Amino acid sequence: MAARRRHPSTARPARCLAPRAGRPRPHRPSRRTAPGERHGRRCHRGGPRCRPVRFDARQASRHEDLADDARGPTELAEWERIDQLLAAAPAGTVYDPDSDDVVQAELAADAAAAAAREAELREAMRITARADELQALRELGTLERTEPRDGDEAVRDELTRRAGGYVQADVDAWLAHVLAAHLGHYRDPAAREEATGLLTPPVLAHAALLAELARLAPGADVDELAFTARIASTEPEAAGALAAFLTRVEGTQAVDPPAPASSRREIMPT
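Under my numbering, the first residue of the sequence shown carries the number 109, and numbering increases by one thereafter.
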């Protein structure tokens, strides 16, 4: 008698066993949290507190995916530090993270780092908003009549970044003019000194050359001084040397010059 064949519709599907996943990653609390608080209890002198953590550390060392995890050793080191702290304390001492100098120092460092990140975020937002404003003024053709603000050096870098790294000649020329004329925050000598470390050599050479030419020819028009930007952009060292040489012309010392060319145009506060 022939064996009965099971109808395909009633055949049992083959059981496929999924590959076993690796050992699940155990939860590792932050070192910033006090061990006693992490485990929902207080630490007392003399208790076997490190044993579970040592066991976890040994287990983790046997798995490749956990071998490089620094949280386990950090947790163990924290427990051992607490053990040593309580071993030196009187019997019955209860661990209190509020009186632990190490924990408090780490919390203070975390707070300082968070404040620094918040300040960086606010500064980035300010630079973005100012860059948008200067871009709008460029499109209106009124950038050269705009008064500079503290931090515009970083805004220049942002506008250059937006342009794919290409130098923005109009922005550089504007900064050179306002620096030479001591406009806006550049009225403060400290701001002008700080600008020497924030602006590029071509911009600084252009500003120095404009300042000397404005001293020698106060009535020069902005179009007459357009060549200074070309010299400074192509040969900044030569432009700086020329500006230094011009300080000796007529045997006079350089003084705070009147605003070059652009001074005859109204400066718009922004």
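Here a beta-carbon is modelled for each residue, glycine too, at the ideal position from N, C-alpha and C.
From a predicted model like this one, the values you see are computed outputs, not experimental measurements.
Checklist entry - Are there 16 or more other CB atoms within 10 angstroms of the CB of ALA142, so buried, or fewer, so exposed? => result A caution first: ALA142 carries a pLDDT of 46, below 50, which makes its placement in the model unreliable, though a value can still be read off. Burial call: buried.
Next on the checklist: Quick check: what's the CA-CA separation for GLN276 versus LEU267?
Outcome noted: Their backbone Cα atoms lie some 8 Å apart in a straight line.
Checklist entry - Does the region 236 to 252 come close enough to the region 309 to 328 that 3 or more CB-CB pairs lie under 8 Å? => result The region 309 to 328, when compared against the region 236 to 252, does not touch it at the 8 Å Cβ threshold.
Checklist entry - Taking all protein chains shown into account, do 16 or more other C-beta atoms lie within 10 angstroms of the C-beta of GLY272, making it buried, or fewer, making it exposed? => result The residue in question, GLY272, is exposed, as its Cβ has fewer than 16 Cβ neighbours within 10 Å.
Checklist entry - What's the C-alpha gap between THR304 and GLU358? => result Approximately 27 Å between the Cα atoms of the pair.
Checklist entry - Over what stretch of residues does the alpha helix (DSSP H) that includes PRO265 continue unbroken? => result Looking at the sequence provided, one finds Asp at residue 265 rather than Pro. Element bounds for ASP265: 260 to 270.
Item to check | Nearest residue (CA-CA) to ILE235, options ALA185, ASP258, TRP187, ALA220 | outcome: Closest by alpha carbon: ASP258.
Item to check | Backbone secondary structure at GLY348 - three-state DSSP | outcome: Helix at GLY348.
Checklist entry - Any idea if GLU254 is buried or exposed, counting beta-carbon neighbours within 10 angstroms, 16 or more meaning buried? => result Correcting the residue type first, residue 254 is Thr in the shown sequence and not Glu. Counting the other Cβ atoms within 10 Å of the Cβ of THR254 gives 16 or more, which makes it buried.
Next on the checklist: Going by beta-carbon coordinates alone, are ALA288 and ALA262 separated by less than 8 Å?
Outcome noted: Their beta carbons are not under 8 Å apart, which means ALA288 does not touch ALA262 by this criterion.
Checklist entry - Start and end of the alpha helix (DSSP H) containing GLN192? => result In the DSSP annotation of this structure, the continuous segment of the alpha helix (DSSP H) that includes GLN192 starts and ends at 179 to 195.
Next on the checklist: Please classify TYR274 as buried or exposed, where buried requires at least 16 neighbouring CB atoms within 10 angstroms.
Outcome noted: It is exposed - the Cβ of TYR274 has fewer than 16 other Cβ atoms within 10 Å.
Next on the checklist: Assess contact between the region 178 to 195 and the region 203 to 215, defined as three or more Cβ pairs (one per stretch) separated by less than 8 Å. Is contact present?
Outcome noted: Verdict: yes, contact present.
Checklist entry - Just reading off the alpha helix (DSSP H) that ALA310 is part of, what are its end residues? => result Here the sequence assigns Pro to residue 310, which means Ala is not the residue at that position. Unbroken alpha helix (DSSP H) run through PRO310: 309 to 324.
Item to check | Contiguous beta strand (DSSP E) assignments of at least 3 residues, all confined to the region 203 to 229 | outcome: Counting only runs of 3+ residues, no beta strand (DSSP E) is found wholly inside the region 203 to 229.
Item to check | ASP280 beta carbon less than 8 Å from that of LEU311 | outcome: At residue 311 the sequence reads Val, which differs from the Leu that was named. The answer is yes: Cβ separation under 8 Å.
Checklist entry - Where does LEU245 fall in DSSP's three states? => result DSSP places LEU245 in helix when its eight states are reduced to three.
Item to check | Best match in GLU332, GLU320, ASP329 for proximity to ALA347 [C-alpha to C-alpha] | outcome: With distances taken between CA atoms, ALA347 lies nearest to GLU320 out of GLU332, GLU320, ASP329.
Checklist entry - Are there 16 or more other CB atoms within 10 angstroms of the CB of ASP260, so buried, or fewer, so exposed? => result So ASP260 ends up on the buried side.
Checklist entry - Going along the chain, which residues of its own chain have a beta-carbon closer than 6 Å to the beta-carbon of SER341, five neighbours each way excluded? => result Correct list, in chain order: PRO310.
Item to check | Expected contact under 8 Å - CB spacing of LEU317 and LEU350 to nearest Å | outcome: Right, their Cβ atoms sit about 6 Å apart.
Checklist entry - What do you get for LEU283, buried or exposed, if any count of 16 or more other CB atoms within 10 angstroms of its CB means buried? => result Result: buried.
Next on the checklist: I'd like to know if ALA277 contacts chain D, where contact means its C-beta is closer than 8 Å to some C-beta of that chain.
Outcome noted: Absent here is chain D; the protein component of the structure consists of one chain.
Item to check | Member of ARG300, ARG225, ALA220 whose CA lies at the smallest distance from the CA of PRO256 | outcome: The candidate whose alpha carbon is nearest that of PRO256 is ARG300.
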